[in-house]
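The numbers in this note's numbering rise by one with no breaks, and the one at position 177 of the sequence shown is 198.
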Amino acid sequence: MLAALVEGRAMWASVRQALAILVGGNLGEIAFTLLGAAATGTSPLTARQLLLVNLFTDLAPAMAVALRPPHPEAAERMLHEGPEVSLGTALTQEMVCRAVATTVGATLGWLAARFTGRAARARTVALVALVGAQLGQTLVAGGRSRSIAISSLGSMAALAAVVQTPVVSQFFGCTLLGPIAWGIAPSAAAAATVSSLFLPPLIARVHAAVPERRPAASPS
22 MLAALVEGRA
32 MWASVRQALA
42 ILVGGNLGEI
52 AFTLLGAAAT
62 GTSPLTARQL
72 LLVNLFTDLA
82 PAMAVALRPP
92 HPEAAERMLH
102 EGPEVSLGTA
112 LTQEMVCRAV
122 ATTVGATLGW
132 LAARFTGRAA
142 RARTVALVAL
152 VGAQLGQTLV
162 AGGRSRSIAI
172 SSLGSMAALA
182 AVVQTPVVSQ
192 FFGCTLLGPI
202 AWGIAPSAAA
212 AATVSSLFLP
222 PLIARVHAAV
232 PERRPAASPS
């Protein structure tokens, strides 16, 4: 009975994390695109590159998170999960955390590449940093899950193959990256992933400091 209850409650934790990957990651992509457009007048990523981002971050990794089985040692924590707990404030905070970290990673990679090379190179570095930031956070959320690790690392390897294959790279508006660019992109993604570990308490404090709005009472 307890095992069945834990497995059912674990579903809500997995749903929350999968939604945070999908919604929070997309919010981070939108924020980065708006920042880049405001700074340069054009989007830092092309439409095809944005499709690549969604392909490599929203498909296999999100499905692996949503379908992963619960860890036996997390039984006590899972008993506190449920629709009211998992899909309320906790979901909002995870989405905000992922959006902020993703925006930071993509922006750092793009700015560093803009200052050290051409605009096309900066777009490609930003693409790799953006995907890497999201997959890094997915790996952290997945813990020791083998399926999440395989799907995340496999998606990153597939992106690297796309970027470094001449004809395919050109089709997606990318350019071949050299050692310096490949140093910039993973470093930005790693910085974003590390920052995601420290953002939740900060976001929780900000949320607690903001007064909750209550609906106005209707006139009698």
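We put the beta carbon where it would ideally sit given N, CA and C, even for glycine.
Check: Between the Cα of A206 and those of Q155, A127, L223, spot the shortest distance and give me the residue it belongs to.; Outcome: A127
Check: Taking all protein chains shown into account, decide if A162 is buried (16 or more other Cβ within 10 angstroms of its Cβ) or exposed.; Outcome: buried
Check: From this set, L160, L48, T196, which residue's C-alpha is nearest A85's C-alpha?; Outcome: L160
Check: Can you check whether the CB of L148 is closer than 8 Å to the CB of C195?; Outcome: yes
Check: Identify which residue in G45, L156, V121, L73 has its Cα closest to the Cα of A170.; Outcome: L156
Check: Are there three or more Cβ pairs, one per stretch, closer than 8 Å when the stretch 134-142 is compared with the stretch 111-121?; Outcome: no
Check: Within this structure, are the beta carbons of L198 and T145 separated by less than 8 Å?; Outcome: yes
Check: If you compare alpha carbons, which of G49, G164, A225 is closest to A152?; Outcome: As written in the sequence, residue 152 is Val, which differs from the Ala given in the question. The candidate whose alpha carbon is nearest that of V152 is G49.
Check: What did DSSP end up calling R245 once you bin it into helix, strand or coil?; Outcome: Look at the range of the chain in this structure, 22 to 241, and you will see that residue 245 is not part of it.
Check: Where do the N-terminal and C-terminal ends of the alpha helix (DSSP H) with V188 fall, by residue?; Outcome: 187-192
Check: Return the CA-CA distance between T214 and A150, expressed in angstroms with no decimal places.; Outcome: 11 Å
Check: With a CB to CB cut of under 7 Å and the five nearest residues on each side skipped, what residues in its chain are close to L112?; Outcome: R37, L40, A41
Check: Taking the alpha carbon of L108 as the point to measure from, which residue in F193, L180, V44, S176 has its own alpha carbon closest?; Outcome: V44
Check: Is G199 helix, strand or coil by DSSP?; Outcome: coil
Check: Taking the beta carbon of A59 as the centre, do at least 16 other beta carbons fall within 10 Å, making it buried, or is it exposed?; Outcome: exposed
Check: From L220 to A212, what does the alpha carbon distance come to, in whole angstroms?; Outcome: 12 Å
Check: Using only CA atoms, which one of R89, L129, P222, S176 lies nearest to G164?; Outcome: R89
Check: Compare the Cα-Cα distances from A182 to each of L71, F77, G46, T61 and report the closest residue.; Outcome: F77
Check: To the nearest angstrom, report how far apart T252 and A230 are at their CA atoms.; Outcome: Here the chain comprises residues numbered 22 to 241, so residue 252 is not present and cannot be evaluated.
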